[in-house]
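Engineer: So for the sequence shown, the numbering used here puts the first residue at 2; every next one is plus one. Even for Gly, the Cβ is constructed at its ideal location relative to N, Cα and C. My questions will all concern the structure given below.
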Amino acid sequence: MRKEWLIELFLFINKCIFELFNLMPLKKKIVLLCDFGDNARFVANELARRGEKGFIVLRTSKCKETFKGTGAKAILSFSPTNIMDYVRGLYHLATARTILIDNYFPILSVTNFRPDVECIQLWHAAGAVKKFGMQDASVLFRSPAAVRRFRRVYNRMNRVVVGSDEMVPIFKSAFEMKDGQFLRLGIPRTDFFYDLDAMEAAKIALFKEYPVMIGKRIILYAPTFRDQQLNAQSIPIDFKDIINELGENYLLIIKLHPAVAQNVAAMNHPQIISVKNNVPINDLLCVADCVISDYSSIPFEYALLGKPQIFYPYDLEKYEMERGFWTNYEDLVPGPVVSTDDELVYVLQNNVFDLERIQRFSTSWNQFSDGHASSKLVDYLLARN
């Protein structure tokens with residue numbers, strides 16, 4: 002109860018400041034409000050390529066992207082601990098005609114945008130396994146005030162960018178949206194997988210930083226976060242035993258979800274690398290020969306490369322009960338589902354993969370992500386701005 006009261010007090014203060022700025026004239030500017038920043042960075046780069054420099058970037062404390070070199074007019078720390086930048090951020094939100102966001106932001110519950118303003122959800126995932134938004138099972142246990150706040154945030158979104166028609170019913174259910182609110186343009190960060198020069202440069206940079214990767218069969222383990230493990234993630238998998246079973250030709254890279262504050266402890270094994278959270282996932286996907294995941298959205302993008310995937314949902318029943326899935330888990334994922342370390346090793350050693358299934362999966366979920374998603378979105382933004 003006390004936490005909810007503090008949230009409402011904080012939002013009330015924000016509302017008062019925002020309403021003052023809301024009296025000022027709207028300007029033809031674009032504001033990017035970022036928790037993740039990877040999709041927004043591709044949009045920012047495309048805006049800069051077109052010679053557009055009147056856009057503003059608001060980075061929360063979670064955002065790993067720096068946006069340096071994008072030509073943004075301003076890059077501000079949108080965190081209450083940085084009061085000057087934060088208030089400037091509220092000013093830009095109140096006076097911009099176009100706002101792009103990439104996550105759920107409680108602040109939107111009190112930003113009463115004017116009719117000419119368009120708020121576009123540039124969601125941070127190309128697909129979805131687990132439920133979110135109003136369909137997240139945890140919503141049932143939140144207070145009525147919190148649920149009303151969720152709905153105000155979702156109602157603030159005028160449009161949402163999608164990479165496929167598969168995501169349309171999911172967003173309609175999660176954000177309570179309607180048919181005409183979808184921009185079928187593709188996911189901007191997937192443009193990377195169509196840029197052979199950028200992919201090669203990423204590989205070279207990673208091999209320079211981690212020369213142990215050279216000549217190895219690289220396995221990337223990239224799980225999603227667990228709600229109660231955001232400070233440190235506990236994973237009941239014996240990585241050392243797995244890599245020892247696979248042999249010296251293999252290298253295991255561990256990359257936790259960016260929402261997790263810290264990475265797993267060093268494995269002290271020459272064939273295991275636990276990379277920092279600021280290492281771009283796209284770069285790691287370039288060098289990975291196989292990805293192991295569970296409920297993450299990474300497989301949707303990795304499918305563009307047509308490489309093998311394995312799914313190791315070690316807490317499947319518990320996670321399904323706590324979060325819920327949009328469809329039957331095993332029917333959705335494009336690869337073998339394992340439940341033990343031994344099964345995982347067997348699949349890798351015996352190459353038990355169906356690459357045609359991965360191609361069908363990619364065709365379905367990456368329908369509009371054709372290498373020009375950023376350009377198509379910027380076309381839309383400039384046309385309305």
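Check this for me: beta carbons of residue 35 and residue 103, under 8 Å apart or not?
Structural biologist: yes
Engineer: Taking 8 Å as the cut-off, decide whether the C-beta atoms of residue 60 and residue 107 are in contact.
Structural biologist: no
Engineer: Mind checking which residues open and close the alpha helix (DSSP H) that includes residue 201?
Structural biologist: For residue 201, the uninterrupted alpha helix (DSSP H) segment begins and ends at 197-210.
Engineer: Whole angstroms are fine: how far does the CA of residue 132 sit from the CA of residue 394?
Structural biologist: No information on residue 394 is available, as it lies outside the stretch 2 to 386 that the chain covers here.
Engineer: If contacts are defined as beta-carbon pairs under 8 Å, then residue 122 and residue 162 qualify, I think. What distance do you get, rounded to the angstrom?
Structural biologist: 7 Å
Engineer: Among 245, 214, 192, whose alpha-carbon lies nearest the alpha-carbon of residue 391?
Structural biologist: Residue 391 is absent from the model: the chain starts at 2 and stops at 386.
Engineer: Mind checking residue 279: buried by the 16 CB within 10 Å criterion, or exposed?
Structural biologist: exposed
Engineer: If you check the beta carbons only, do residue 45 and residue 71 fall under 8 Å apart?
Structural biologist: yes
Engineer: Closer than 8 Å by C-beta to residue 365: which residues in its own chain qualify, once you throw out the five before and the five after it? Chain order, please.
Structural biologist: Here the set comprises 165, 167.
Engineer: Name the DSSP beta bridge partners of residue 272, please?
Structural biologist: For residue 272, which the question treats as bridged, DSSP gives no partner whatsoever.
Engineer: For the pair the stretch 74-82 and the stretch 111-128, tell me if three or more CB-CB distances fall below 8 Å.
Structural biologist: no
Engineer: Do residue 28 and residue 97 have their beta-carbon atoms positioned less than 8 Å apart in this structure?
Structural biologist: With contacts defined as CB atoms closer than 8 Å, residue 97 and residue 28 qualify as a contacting pair.
Engineer: List the endpoints of the continuous beta strand (DSSP E) containing residue 99.
Structural biologist: 97-102
Engineer: For the structure I just gave you, are there three or more beta carbon pairs, one from the stretch 296-311 and one from the stretch 346-363, closer than 8 Å?
Structural biologist: Output reads yes: the stretch 346-363 touches the stretch 296-311.
Engineer: I think residue 273 touches residue 253, with their Cβ atoms under 8 Å apart; what is that distance to the nearest whole Å?
Structural biologist: 5 Å
Engineer: If you draw a straight line from the C-alpha of residue 47 to the C-alpha of residue 241, how long is it?
Structural biologist: 42 Å
Engineer: Can you list, in chain order, the residues of its chain whose CB lies under 8 Å from that of residue 191, leaving out five sequence neighbours each side?
Structural biologist: 127, 164, 302, 305, 367, 370, 372, 374
Engineer: Bridge partners for residue 59 per DSSP, in chain order?
Structural biologist: 34, 77
Engineer: Identify which residue in 49, 55, 20, 194 has its Cα closest to the Cα of residue 111.
Structural biologist: Nearest C-alpha to residue 111: 20.
Engineer: Just confirm the distance between the C-beta atoms of residue 256 and residue 285, as a whole number of angstroms; I'd bet it's less than 8 Å.
Structural biologist: 6 Å
Engineer: Would you say residue 138 and residue 307 are within 8 Å of each other, going by their C-beta atoms?
Structural biologist: no
Engineer: When the Cα atoms are used, what is the spatial distance from residue 202 to residue 153?
Structural biologist: Roughly 43 Å between the two C-alpha positions.
Engineer: With which residues is residue 121 paired in a DSSP beta bridge?
Structural biologist: 101, 160
Engineer: Any idea which residues DSSP pairs residue 292 with across the strands?
Structural biologist: 221, 310
Engineer: Which residues mark the beginning and the end of the alpha helix (DSSP H) in which residue 184 is found?
Structural biologist: It is not in any alpha helix (DSSP H) - residue 184 instead sits in the beta strand (DSSP E) that spans 183-185.
Engineer: Give a yes or no on whether the C-beta atoms belonging to residue 189 and residue 383 are separated by under 8 Å.
Structural biologist: no
Engineer: Quick check on residue 131: does DSSP put it in helix, strand or coil?
Structural biologist: strand
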